[in-house]
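Enquirer: Encoded as structure tokens, here's the structure I'll be asking about.
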Amino acid sequence: MHCMTVKGSKDGDPRRSQLLRGVLDLCLLALVAERPRYGFEIVEGLAERGMELVSEGSIYPLLARLEKAGLLDSFRRPSESGGAPRKYYRLTEAGLAELGSGRESWEAFARAVDRTLSVGITEGNRMTGGIA
Amino acid sequence: MTKDQVLDHCRTEWMFQEVPEADLADMLTELRDHLEDAARVGKSPEAVVGEDVTAFATDWATARRAPGRSALFRRLGEHAYAGAVALLAAGHLVGWTARTPVVPASFVAVALFAVVMSFTPYWRAVLRWPLWQWMGLCFAFPVVLLLLFLVGGRPMLLQVPLWGTALFVLPGALAAAVSAVRKRKR
């Protein structure tokens, strides 16, 4: 699959990329749920929230899959900045439902990860490496 | 890479991947818009499509197209038909004869041709090959055919007369003509 790593403090951090890969579809649905957007606006929306993609175009295969799955719908209209009509994406009813269930899954998952990562490291473990 | 080079590269890739024309035009417009927006804020085309334009184009085409099993069988059938037509025509032309023999190797050659053409991104690969690979292909292809017909050249199963070949070509030619007329009307 085409690379969709994010820029950040550590350019191309593989963990960050893996994490994003798992939730990028939800992020796209969320941005489009806010208001219909075209591709470049979606990338800008991600960047404003700290998820700057190394290859911005990697959203297009994903948008195509979401549209094919009936979660997104597209239409053409002139952009707010003027110029030729752009292809805007908007959420369908199925997309809204998917976004709702995706949010719940993510929140439950994030809580579980938080609980796990916030476990303190005992002095003994730090000295010996901790794992037998 | 410039914006136009990226667009050309993607157009070629999508054409060879048999993305329907309407979809191809839609994808090109969307990509052109994005590249222009990116350029306006000082980003390079690489920031949009990454370092590997082919991978980018293939991903997008796959997501848009997703051919089903029926499309694969149709493609296999088309390639087998084209291969059989080419083999019969070559038999008449090379032997300069009105009757061309069909031997077991003929079926193997047609099947091989259909499988290779259907399951490999042949055009993309061939068009970007360096010279030495082209020369390798030019040498290997006749050698494979020669070996095939040396091993499977007997017994002769049937002889196809020239009118038989013409009759065999007719449905394909009609289908191609109908398709061309429809395309022109659209």
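Taken in sequence, the protein lines are chains A and B. Following the numbering used here, the numbering of the first sequence begins with 892 at its first residue and continues without gaps. Following the numbering used here, the numbering of the second sequence begins with 4 at its first residue and continues without gaps. Think of the CB as a built atom: it goes at the ideal place given N, C-alpha and C, for glycine as much as any other residue. Since the model is a prediction, treat every value here as computed from it, not as a measurement.
Let me check understanding here. Comparing Cα to Cα, which of B:Q20, B:A60, B:L160 and B:V56 lies closest to T123 (chain B)?
Expert: By 1-based counting over the second sequence, the position of residue 123 (chain B) is 120. Checked all of B:Q20, B:A60, B:L160 and B:V56; the closest Cα to T123 (chain B) is B:Q20.
Enquirer: For the structure I just gave you, are there three or more beta carbon pairs, one from the stretch 925 to 937 of chain A and one from the stretch 977 to 984 of chain A, closer than 8 Å?
Expert: They touch, by the three-pair rule.
Enquirer: Please name the residue, chosen from B:A25, B:A83 and B:L91, that lies closest to S121 (chain B) on a Cα-to-Cα basis.
Expert: Locating residue 121 (chain B) in the second sequence gives position 118, where the first residue counts as 1. The shortest C-alpha separation from S121 (chain B) is found at B:A83.
Enquirer: Ends of the alpha helix (DSSP H) at P174 (chain B)?
Expert: Looking up residue 174 (chain B) in the second sequence gives position 171. Run containing P174 (chain B): L165 to K188, per the alpha helix (DSSP H) assignment.
Enquirer: Report, in whole angstroms, the separation of the C-beta atoms of V51 (chain B) and S965 (chain A), which I expect to be a contact under 8 Å.
Expert: Counting from one through the second sequence, the residue named residue 51 (chain B) turns up at place 48. Counting from one through the first sequence, the residue named residue 965 (chain A) turns up at place 74. So it is not a contact: roughly 19 Å between Cβ atoms.
Enquirer: What is the DSSP secondary structure of H103 (chain B), reduced to helix, strand or coil?
Expert: The sequence position of residue 103 (chain B) within the second sequence is 100, counting from 1. What sits at residue 103 (chain B) in the sequence shown is Thr, not His. Strand.
Enquirer: Using the C-alpha atoms, what's the distance from L919 (chain A) back to M956 (chain A)?
Expert: Numbered from its first residue, the first sequence carries residue 956 (chain A) at position 65. Numbered from its first residue, the first sequence carries residue 919 (chain A) at position 28. A quick correction: the sequence has Arg, not Met, at residue 956 (chain A). R956 (chain A) and L919 (chain A): Cα-Cα distance of roughly 12 Å.
Enquirer: I'd like the list of long-range same chain contacts for L987 (chain A), defined as Cβ closer than 8 Å, with 5 residues on each side in sequence excluded.
Expert: Here residue 987 (chain A) refers to the residue found at position 96 of the first sequence. Result list for L987 (chain A): A924, in chain order.
Enquirer: Buried or exposed, going by whether 16 or more other CB atoms sit within 10 Å of the CB of T168 (chain B)?
Expert: For the purposes of this step, residue 168 (chain B) is taken as the residue at position 165 of the second sequence. Buried, by the Cβ-count rule.
Enquirer: Going by Cα to Cα distance, which pick from B:V147, B:D11, B:A108 and B:F144 is closest to L160 (chain B)?
Expert: As a first step, residue 160 (chain B) is located in the second sequence; it is residue number 157 there, counting from the start. If we check each option's Cα against that of L160 (chain B), B:A108 comes out closest.
Enquirer: From the DSSP secondary-structure annotation, give me the bridge partner or partners of F966 (chain A).
Expert: Taking the first residue of the first sequence as position 1, residue 966 (chain A) is located at position 75. Its beta-bridge partners are A:Y979.
Enquirer: Determine the extent of the alpha helix (DSSP H) in which T65 (chain B) is found, giving its start and end residues.
Expert: As a working mapping, residue 65 (chain B) is identified with position 62 in the second sequence. It spans V56 to R68 - the alpha helix (DSSP H) in which T65 (chain B) sits, taken as one unbroken run.
Enquirer: At what residues does the alpha helix (DSSP H) containing S996 (chain A) begin and finish?
Expert: If you number the first sequence from 1, residue 996 (chain A) lands on position 105. Start and end: E984 to L1008.
Enquirer: Specify the secondary structure class of L140 (chain B) as computed by DSSP and reduced to three states.
Expert: Within the second sequence, numbered from 1, the residue matching residue 140 (chain B) stands at position 137. In the structure shown, L140 (chain B) sits in a helix (DSSP, three-state: H, G or I).
Enquirer: From the DSSP secondary-structure annotation, give me the bridge partner or partners of R928 (chain A).
Expert: Translated into positions along the first sequence, residue 928 (chain A) becomes position 37. DSSP output for R928 (chain A) lists A:Y980 as bridge partner(s).
Enquirer: I need the DSSP call for E160 (chain B), collapsed to helix, strand or coil.
Expert: Against the second sequence, residue 160 (chain B) aligns to sequence position 157. In the sequence on display, residue 160 (chain B) carries Leu and not Glu. L160 (chain B) falls in the coil class under three-state DSSP.
Enquirer: Please name the residue in B:L38, B:T103 and B:L10 whose C-alpha comes closest to that of L27 (chain B).
Expert: Here the question's residue 27 (chain B) lines up with position 24 in the second sequence. If we check each option's Cα against that of L27 (chain B), B:L10 comes out closest.
Enquirer: My understanding is that L944 (chain A) touches L937 (chain A), with C-beta atoms under 8 Å, so please give their C-beta distance in whole angstroms.
Expert: On the first sequence, position 53 is the one that residue 944 (chain A) refers to. On the first sequence, position 46 is the one that residue 937 (chain A) refers to. Rounded, the Cβ-Cβ distance is 6 Å, consistent with contact.
Enquirer: List the residues of chain B that R926 (chain A) touches, going by C-beta distances under 7 Å, in chain order.
Expert: By 1-based counting over the first sequence, the position of residue 926 (chain A) is 35. Near R926 (chain A) there are no residues of chain B at all, since even the closest Cβ is about 17 Å away, more than 7 Å.
Enquirer: Shorter than 9 Å from the beta carbon of T100 (chain B) to some beta carbon of chain A?
Expert: The residue given as residue 100 (chain B) occupies position 97 in the second sequence. No, no contact with chain A.
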